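Q: Dumping the structure here so I can ask a few things about it.
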Amino acid sequence: MNSTNNALYNYCLRLADNNLILGQRLAEWCSQGPTLEEDLALTNISLDLIGQAESFYEFATTFTEANCTADDLAFLRSEREFVNNVLVEQPNGDFAYTIMKQFLFSTFAKHLYTALANSSNQTICGLATKGLKEVNYHYMHSSQWLIRLGNGTDKSKEKIQFAANDLWCFTKDMFEMNSVDTLLIEQNITINLSTIYTPWKNDIEQVFKIATIDLPTDTNKIIGGIKGIHTEHLGHILCEMQYLQRAHPGAKW
Amino acid sequence: MVTLNNTLTVEDVWGLLNQIIDPDIPVINIVELGLVRNVKIGTNNCIVVTLTPSYSGCPAMHVFKEEITTLLKENGANAVEIVTTLLPAWSTDWLSAETKAKLKHYGIAPPQGLASDNKFLFSTKKIICPRCESNNTKLISQFGSTACKALYKCDACEETFDYFKCH
Ligand SMILES: [Zn+2]
């Protein structure tokens, strides 16, 4: 693999892993949603994310040995090989916690896909253009709930504020970069993530203001996702997600 | 069934593809949906159908690929290849006025405005009830029976209905 292809492979894995792990987390809400409509909404968002993950894995396989499939990348890599951001692997918590996690990530994905829709790589451009339309709805869904919970009862406000405070330390990880980014930025395939940090934070501030909740302070940060260094939660979710393929290699529906 | 020579023309193929309907919206087919981007007869008479996915996670895409292959082979194709294209990205803007009318007749409010225009995407414009034409409607859930539809309620006729979102 030449260096650009190797970087593209790694970058696709990052995008795919984020979507797969968040999608798998949301799928845990299936039949547990607070209302039937919300159950459907969360699992439909999950389906969008898993679909996006599949497309990025498919693209990643074009840089691997011929017999590697998207399923192999999803089900046969170990924890240290996953390069998703630590935010998406965090457990669902209560409904407010899930909504906050969705909001923080969807806002990031919205800005990232907007930028990648101008990528010099045609596949990245196509997938980002399609993904953006879906992510716009995810952003609307989570921001509207956030505003409702913030302006709801004392209890709902307390829960959504707690979620913001608790998840804030994981948000910096979404903006981490390494040599993969450097190489792809040079070729206009991707963007410098620091350029979307301010737009991301502006959106967060704007919605938090309407929701009357406080922006957490930047005290500590937990990073490491793109290096394969994760919180303890990733191992557990992979265990559940990969069990079947590992116990019965090659099993098909 | 094996035929030595493929007797299907490009026109025949388009005609057959018109028979494949969307399981979630059984009144419109994959050609009307804009999923079929190209049909050509390739080398060794292999029929090459180019599809573009509607939604990333749409489970129907896998079904369409199998249905297309089966239907074309039943009608004399000896080889079928399905190619996926990502650009231009599929959009509800491609639905014709006729297709939108079919959606409405079926009870699904068709997409209003253009997906290419973010103004429509984030507007709070009232969605018109496909049953009674009232605009006295409200959003119940951003995601309805499938990810591509939102659930609305009409306060005039009291019915709930699906709205095919701009994408
Ligand atoms: Zn009505």
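Residue numbers (my numbering), protein chains in the order written: chain A, 48 to 300; chain B, 627 to 793.
Even glycine gets a Cβ: it sits at the ideal position worked out from N, Cα and C.
Please read these numbers as outputs of a predicted model, since none were measured by experiment.
#1: In terms of residues, what are the limits of the beta strand (DSSP E) holding B:Ile651?
#2: Per the DSSP calculation, B:Ile667 is bridged to which residue(s)?
#3: What do you reckon, are the CB atoms on B:Ser682 and A:Ser93 nearer than 7 Å?
#4: With 7 Å set as the bound, which would you pick, yes or no: does the beta-carbon of B:Ala773 sit closer than that to a beta-carbon of chain A?
#5: Just the Cα atoms here: how many angstroms apart are A:Ala156 and A:Thr218?
#6: Would you report the Cα separation of A:Gly282 and A:Ile207, rounded to the nearest angstrom?
#7: Run through DSSP, which three-state label would B:Thr774 get?
#8: Can you look up B:Asp788 in the DSSP assignment and give me helix, strand or coil?
#9: Using a Cβ cut-off of 9 Å, pull out every chain B residue sitting near A:Tyr184, in sequence order please.
#10: Please decide whether A:His283 counts as near chain B, where near means a Cβ-Cβ distance under 7 Å.
#11: Below 8 Å on C-beta distance, what does A:Ala88 contact in chain B?
#12: Can you grab the Cα-Cα spacing for the pair A:Gly272 / A:Tyr244, in whole Å?
#13: Using beta carbons (cut-off 7 Å, strictly below), is B:Thr629 in contact with chain A?
#14: Please report how far the alpha carbon of A:Gly70 lies from the alpha carbon of A:Thr237, in whole angstroms.
#15: Does the beta carbon of B:Ala782 fall short of 6 Å from some heavy atom of ligand 1?
#16: To test your reading of the DSSP string, which unbroken alpha helix (DSSP H) runs of 4 or more residues are found completely within the segment 206 to 273 of chain A?
#17: Along chain B, which residues have their Cβ under 7 Å away from the Cβ of A:Ser102?
#18: Is the Cβ-Cβ distance between A:Asp303 and A:Glu181 less than 7 Å?
#19: What's the C-alpha gap between A:Tyr184 and B:Lys779?
#20: Cβ of B:Leu697 within 7 Å of Cβ of B:Phe790?
#21: Below 7 Å between beta carbons: does that hold for A:Tyr160 and A:Ala107?
#22: What are the boundary residues of the alpha helix (DSSP H) that A:Cys181 is part of?
#23: Quick check: the Cα distance between B:Asn701 and B:Thr676, rounded to an integer number of angstroms?
#24: Tell me whether the beta-carbon of A:Gly173 lies closer than 7 Å to the beta-carbon of B:Ala735.
#25: Can you name the residues of chain B whose CB is closer than 7 Å to the CB of A:Glu94?
#26: For ligand 1, is there any heavy atom lying closer than 6 Å to the beta carbon of A:Arg195?
#27: I'd like the span of the beta strand (DSSP E) that includes B:Glu707, first residue to last.
#28: Mind checking who B:Ser767 pairs with in its DSSP beta bridge?
#29: Is there a Cβ from chain B that is less than 7 Å from the Cβ of A:Gln234?
#30: Who are the near neighbours of A:Ala298 in its chain, counting only those whose CB is closer than 8 Å to its CB and skipping five residues on each side?
#31: Could you list which residues in chain B have their beta carbon closer than 9 Å to that of A:Glu205, in chain order?
#32: Can you give me the start and stop residues for the alpha helix (DSSP H) that B:Lys728 sits inside?
A: In terms of the structure at hand:
#1: Against the second sequence, residue 651 of chain B aligns to sequence position 25. Run containing B:Ile651: Ile651 to Asn655, per the beta strand (DSSP E) assignment.
#2: By one-based count along the second sequence, residue 667 of chain B stands at place 41. BP columns for B:Ile667 point to B:Ile673.
#3: Residue mapping note: residue 682 of chain B aligns to position 56 of the second sequence, counting from 1. Residue mapping note: residue 93 of chain A aligns to position 46 of the first sequence, counting from 1. Result no, Cβ atoms of B:Ser682 and A:Ser93 do not sit closer than 7 Å.
#4: Start at 1 with the first residue of the second sequence, and residue 773 of chain B comes out as number 147. Answer yes: the Cβ-Cβ gap between B:Ala773 and chain A drops below 7 Å somewhere.
#5: Numbered from 1 along the first sequence, position 109 holds the residue referred to as residue 156 of chain A. Numbered from 1 along the first sequence, position 171 holds the residue referred to as residue 218 of chain A. Roughly 12 Å between the two C-alpha positions.
#6: Taking the first sequence and counting its residues from 1, one reaches residue 282 of chain A at position 235. Taking the first sequence and counting its residues from 1, one reaches residue 207 of chain A at position 160. A:Gly282 and A:Ile207: Cα-Cα distance of roughly 26 Å.
#7: Against the second sequence, residue 774 of chain B aligns to sequence position 148. For clarity, residue 774 of chain B is Cys in the given sequence; the question names Thr instead. Secondary structure at B:Cys774: coil, using DSSP grouped into helix, strand and coil.
#8: In the second sequence, the residue the question calls residue 788 of chain B occupies position 162. DSSP places B:Asp788 within a strand segment (E or B) once states are collapsed to three.
#9: For this step, residue 184 of chain A is matched to residue 137 along the first sequence. Near A:Tyr184 (Cβ distances below 9 Å), the residues of chain B are Leu747, Gln768, Phe769, Ala773, Ala776, Lys791 and His793.
#10: Counting from one through the first sequence, the residue named residue 283 of chain A turns up at place 236. So, not an interface residue.
#11: On the first sequence, residue 88 of chain A is found 41 positions in, with the first residue counted as 1. Under the 8 Å cutoff, chain B gives Ser767, Gln768 and Phe769.
#12: Here residue 272 of chain A corresponds to residue number 225 of the first sequence, with the count starting at 1. Here residue 244 of chain A corresponds to residue number 197 of the first sequence, with the count starting at 1. If you take the alpha carbons of A:Gly272 and A:Tyr244, they lie about 17 Å apart.
#13: In the second sequence, counting from the first residue as 1, residue 629 of chain B sits at position 3. Note that B:Thr629 scores a pLDDT of 45, beneath 50, so its modelled location is shaky; the value from the coordinates is reported in the next line. Not one chain A Cβ lies under 7 Å of B:Thr629.
#14: For this step, residue 70 of chain A is matched to residue 23 along the first sequence. For this step, residue 237 of chain A is matched to residue 190 along the first sequence. C-alpha separation (whole angstroms): 23 Å.
#15: Against the second sequence, residue 782 of chain B aligns to sequence position 156. Under cutoff, so the answer is yes.
#16: Every alpha helix (DSSP H) of 4 residues or more that sits fully in the segment 206 to 273 of chain A is shown, in chain order, as 226 to 233 and 244 to 257.
#17: Walking along the first sequence from the start, residue 102 of chain A turns up at place 55. Residues of chain B passing the Cβ test: Ser682.
#18: Any property of residue 303 of chain A remains undetermined from this structure, which presents chain A solely from 48 to 300.
#19: In the first sequence, the residue the question calls residue 184 of chain A occupies position 137. In the second sequence, the residue the question calls residue 779 of chain B occupies position 153. So the alpha carbons of these two residues sit roughly 19 Å apart.
#20: Translated into positions along the second sequence, residue 697 of chain B becomes position 71. Translated into positions along the second sequence, residue 790 of chain B becomes position 164. Result no, Cβ atoms of B:Leu697 and B:Phe790 do not sit closer than 7 Å.
#21: Position 113 of the first sequence, counted from the start, is the residue given in the question as residue 160 of chain A. Position 60 of the first sequence, counted from the start, is the residue given in the question as residue 107 of chain A. Judged by beta-carbon spacing, A:Ala107 lies beyond the 7 Å limit of A:Tyr160, meaning their Cβ atoms are not closer than that value.
#22: Position 134 of the first sequence, counted from the start, is the residue given in the question as residue 181 of chain A. Here the sequence assigns Glu to residue 181 of chain A, which means Cys is not the residue at that position. Note, A:Glu181: alpha helix (DSSP H), Gln169 to Gly197.
#23: Residue 701 of chain B sits at position 75 when you count from the first residue of the second sequence. Residue 676 of chain B sits at position 50 when you count from the first residue of the second sequence. Here the alpha carbon of B:Asn701 sits roughly 19 Å from the alpha carbon of B:Thr676.
#24: Your numbering for residue 173 of chain A matches position 126 in the first sequence. Your numbering for residue 735 of chain B matches position 109 in the second sequence. Their beta carbons are not under 7 Å apart, which means A:Gly173 does not touch B:Ala735 by this criterion.
#25: To locate residue 94 of chain A, count along the first sequence from 1; it is residue 47. According to the sequence displayed, residue 94 of chain A carries Leu and not Glu. Neighbours of A:Leu94 in chain B, taken as residues at a C-beta separation under 7 Å, are given in chain order as Gly683 and Ala773.
#26: By 1-based counting over the first sequence, the position of residue 195 of chain A is 148. No, ligand 1 has no heavy atom inside 6 Å of this Cβ.
#27: Here residue 707 of chain B is taken as the residue at index 81 of the second sequence, counted from 1. Segment Val706 to Thr710, the beta strand (DSSP E) holding B:Glu707.
#28: Residue mapping note: residue 767 of chain B aligns to position 141 of the second sequence, counting from 1. Answer is B:Leu777.
#29: Position 187 of the first sequence, counted from the first residue, corresponds to residue 234 of chain A. Cβ-Cβ to chain B under 7 Å: no for A:Gln234.
#30: Here the question's residue 298 of chain A lines up with position 251 in the first sequence. Taking C-beta separations shorter than 8 Å and ignoring five residues to either side along the sequence, the partners of A:Ala298 in its chain run Leu291 and Gln292, following chain order.
#31: In the first sequence, counting from the first residue as 1, residue 205 of chain A sits at position 158. Within chain B, no residue comes near A:Glu205; the closest Cβ sits about 25 Å away, beyond 9 Å.
#32: One-based indexing of the second sequence puts residue 728 of chain B at position 102. Going by DSSP, B:Lys728 is part of the alpha helix (DSSP H) stretching over Ala723 to Tyr732.
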